[in-house]
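*Asks:* Dropping the structure in here first, questions after.
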Amino acid sequence: MLIKIYSFARKHNVSGKILLYYNDVAFSPSDAFLTRDFGQVPYVLSERHGLDLEFWISAKTINANYTSFRGRKVRQFRKMFAQLPDQLDILKNISLYLSLSRLKNISHMVLFPFTPFTDVLVATLAKRRAPGIRLIVKLDANAEFLERVATDWREARGWKRIFRQSFYYRKLLQMADAVICETSNCERILQGNFLGLDLGKKLVKTFSGVSQNWLASLGVIPFSRGTRANRIVVSGRLSIWVKYTSLIFEAGPPPKGWTIDFIGEVDDDFQKIINGYRKKDSKFDEYYKFHGVVMDKKKYFDIMMDSRALLMNSRGPEGFPNVYADAHFSRLFILTSDIASSYDATGDGRWGIIYQKESAEALRAALRDLPARVDAFDHDPSVDDYRRKFIWEESLAQPALDQLFDAAPSGTGHSIV
Numbered sequence: 088m089l090i091k092i093y094s095f096a097r098k099h100n101v102s103g104k105i106l107l108y109y110n111d112v113a114f115s116p117s118d119a120f121l122t123r124d125f126g127q128v129p130y131v132l133s134e135r136h137g138l139d140l141e142f143w144i145s146a147k148t149i150n151a152n153y154t155s156f157r158g159r160k161v162r163q164f165r166k167m168f169a170q171l172p173d174q175l176d177i178l179k180n181i182s183l184y185l186s187l188s189r190l191k192n193i194s195h196m197v198l199f200p201f202t203p204f205t206d207v208l209v210a211t212l213a214k215r216r217a218p219g220i221r222l223i224v225k226l227d228a229n230a231e232f233l234e235r236v237a238t239d240w241r242e243a244r245g246w247k248r249i250f251r252q253s254f255y256y257r258k259l260l261q262m263a264d265a266v267i268c269e270t271s272n273c274e275r276i277l278q279g280n281f282l283g284l285d286l287g288k289k290l291v292k293t294f295s296g297v298s299q300n301w302l303a304s305l306g307v308i309p310f311s312r313g314t315r316a317n318r319i320v321v322s323g324r325l326s327i328w329v330k331y332t333s334l335i336f337e338a339g340p341p342p343k344g345w346t347i348d349f350i351g352e353v354d355d356d357f358q359k360i361i362n363g364y365r366k367k368d369s370k371f372d373e374y375y376k377f378h379g380v381v382m383d384k385k386k387y388f389d390i391m392m393d394s395r396a397l398l399m400n401s402r403g404p405e406g407f408p409n410v411y412a413d414a415h416f417s418r419l420f421i422l423t424s425d426i427a428s429s430y431d432a433t434g435d436g437r438w439g440i441i442y443q444k445e446s447a448e449a450l451r452a453a454l455r456d457l458p459a460r461v462d463a464f465d466h467d468p469s470v471d472d473y474r475r476k477f478i479w480e481e482s483l484a485q486p487a488l489d490q491l492f493d494a495a496p497s498g499t500g501h502s503i504v
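Numbering-wise, the numbering used here comes out as the position in the sequence shown, counting from 1, plus 87.
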């Protein structure tokens, strides 16, 4: 894969640097975010096109010891005027704006829009400083949010729109050279004259993914066929309301000879729920296993790849849970409640079972059908083509993105002042 990327970069003779920017109004920068699409999308693009990369993050609380991700520099900008409300975030990023005004030799910017007022200013400063810069906007997989932005735009009229979030969201999409979206629902909304825009060929559809090269660097090898345990994995924040984990116990035990294994924190409240069900069923500990939080990615994927199915139980709404991509990388059959992203995750049910959310009876029936469906899934070669859509090195290899790097100014330097 690395040789393939290097050959692509040499063939297309590209040079320059990618700048990743996102505005974090709540958390301190860490691997918890950059190991997700925030860090992986720009990193995979930099690998594919042979470019240098820096991560620029504006945050309320900086992480002084966090200076690099995957060997690339991380720059953090502490927000000023902490007493001002988040609605006035645009006034809090003076040090970031000053640094942007001194940019040199940047060829591309990848931007995640969370605060449209600030994001438009950042994009404007970057384009004024480097007129040839290519702007790639990566949207979150949240169709409900896009619907709210569209409603906000429709409700405002004339000059009053300048005070609405949707005005700046629209301007940012106009400025973008490419807009990356996730899920079919988001694509449908964006293609439907969203905010009065025809995004046309600049729209690039992907799914939430994993970086195969990054995982390989951690010792995680791609799936290889072999005997696996009859294990169903549940992974994530087990105790939060949206996951409704207690429904799994309500649905009854897993199929005969199977276990359901949980990866994630078991806090005090969730432990009380577990203890309650354990008292009701003497075989509870035979059916359900708890691994706790598994931070080591190799250990995490060892569990995943020695399993046969993922159970994604959720009340929704959710964007595109990363665990779907983990499951595809591990070649797991997906058993999921009918949240919006479940249809993309399973190919409309072809490579998974979609059951009615918040229904113990529906989940019970799905568990009953699971063994036969998994057996068929394990012997279906067409699964492999679909799995590749959830690997960033594959899903970002699209002409609409490649042409932005083909057309980028060559001979640019590799420094930021």
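Where a beta carbon is used, it is the ideal one built from N, C-alpha and C, also for glycine.
#1: What distance in whole Å lies between the Cβ atoms of ASP393 and ARG318, which are believed to be in contact at a cut-off of 8 Å?
#2: ARG248 to ALA453, Cα distance in whole Å?
#3: List in chain order: all unbroken beta strand (DSSP E) runs of 3+ residues lying wholly within the stretch 201–275.
#4: Whose C-alpha, out of ARG257, ARG216, PRO218, LEU305, is nearest the C-alpha of ARG235?
#5: Determine the extent of the alpha helix (DSSP H) in which HIS195 is found, giving its start and end residues.
#6: Would you call the CB atoms of ARG474 and PHE420 closer than 8 Å?
#7: My understanding is that VAL41 touches LEU398, with C-beta atoms under 8 Å, so please give their C-beta distance in whole angstroms.
#8: Cα-Cα, which of GLY103, TRP143, ASP139 is closest to SER117?
#9: Looking at the structure shown, is TRP328 part of a helix, part of a strand, or coil, going by DSSP?
#10: Since I believe SER133 is in contact with ILE64 (beta carbons under 8 Å), could you give me their beta-carbon distance rounded to a whole number of angstroms?
#11: What does the alpha-carbon distance come out to for the pair ARG395 and ARG315?
#12: Please state whether DSSP places ASN152 in a helix, a strand or coil.
#13: Taking contact to mean 3 or more Cβ pairs, one atom from each stretch, closer than 8 Å, check whether the stretch 220–236 and the stretch 168–180 are in contact.
#14: Whose CA, out of TYR130, TYR387, ILE149, lies closest to the CA of LEU140?
#15: Taking its Cβ as the centre, do 16 or more other Cβ atoms sit within 10 Å of GLU269, making it buried, or is it exposed?
#16: Spell out the partners DSSP gives SER333 in its beta bridges.
#17: Within its chain, find whatever has a CB closer than 6 Å to the CB of SER94; leave out the 5 residues flanking it on each side and keep chain order.
#18: Output needed for GLY351: all residues of its chain with C-beta closer than 7 Å, excluding positions within five of it in sequence on either side, in chain order.
#19: List the residues that DSSP assigns as beta-bridge partners of GLU141.
#20: I want to know whether the stretch 113–128 touches the stretch 183–193 - three or more CB-CB distances under 8 Å.
#21: Rounding to the nearest angstrom, what Cα-Cα distance links ILE347 and ASP355 in this structure?
#22: State the Cα-Cα distance for the pair PHE492 and GLN127, rounded to the nearest angstrom.
#23: Say whether the stretch 213–224 touches the stretch 190–205, bearing in mind that this needs 3 or more beta-carbon pairs closer than 8 Å, one atom from each stretch.
#24: Grab the span of the alpha helix (DSSP H) containing TYR429 for me, first residue to last.
#25: Residue range of the beta strand (DSSP E) that MET399 falls in?
#26: Could you give the residue range of the beta strand (DSSP E) that holds SER424?
#27: Bridge partners of LYS376, per DSSP?
#28: Is the beta carbon of ILE177 closer than 8 Å to that of PHE204?
#29: Could you pull the start and end residues of the beta strand (DSSP E) that ARG318 belongs to?
#30: If you draw a straight line from the C-alpha of TYR255 to the C-alpha of VAL207, how long is it?
#31: Using DSSP's beta-bridge definition, name the partner residues of TYR442.
#32: Short of 7 Å in beta carbon distance, which residues of its chain neighbour ASP264, apart from the five on each side in sequence? Order them along the chain.
*Replies:* Walking through what the data contain:
#1: 7 Å
#2: 48 Å
#3: 221–225, 265–269
#4: ARG257
#5: Per DSSP, HIS195 belongs to no alpha helix (DSSP H); it is in the beta strand (DSSP E), 195–199.
#6: no
#7: With the chain running from 88 to 504 in the structure shown, residue 41 is simply not present.
#8: TRP143
#9: helix
#10: The structure shown does not extend to residue 64, since the chain is modelled only from 88 to 504, so the question has no answer here.
#11: 7 Å
#12: coil
#13: no
#14: TYR130
#15: buried
#16: Answer by DSSP bridge pairing: none, since SER333 is not bridged.
#17: Note that SER94 scores 38 on pLDDT, short of 50, meaning its location in the model is unreliable and no value can be drawn from it.
#18: SER322, GLY323, ARG324, LEU325, VAL380
#19: LEU106, LYS160
#20: no
#21: 20 Å
#22: 17 Å
#23: yes
#24: Contrary to the premise, residue 429 reads as Ser rather than Tyr in this sequence. Start and end: 429–432.
#25: 396–399
#26: 420–424
#27: ASP348
#28: yes
#29: 318–322
#30: 6 Å
#31: SER424
#32: ARG221, LEU222, ILE223, LYS289, LEU491
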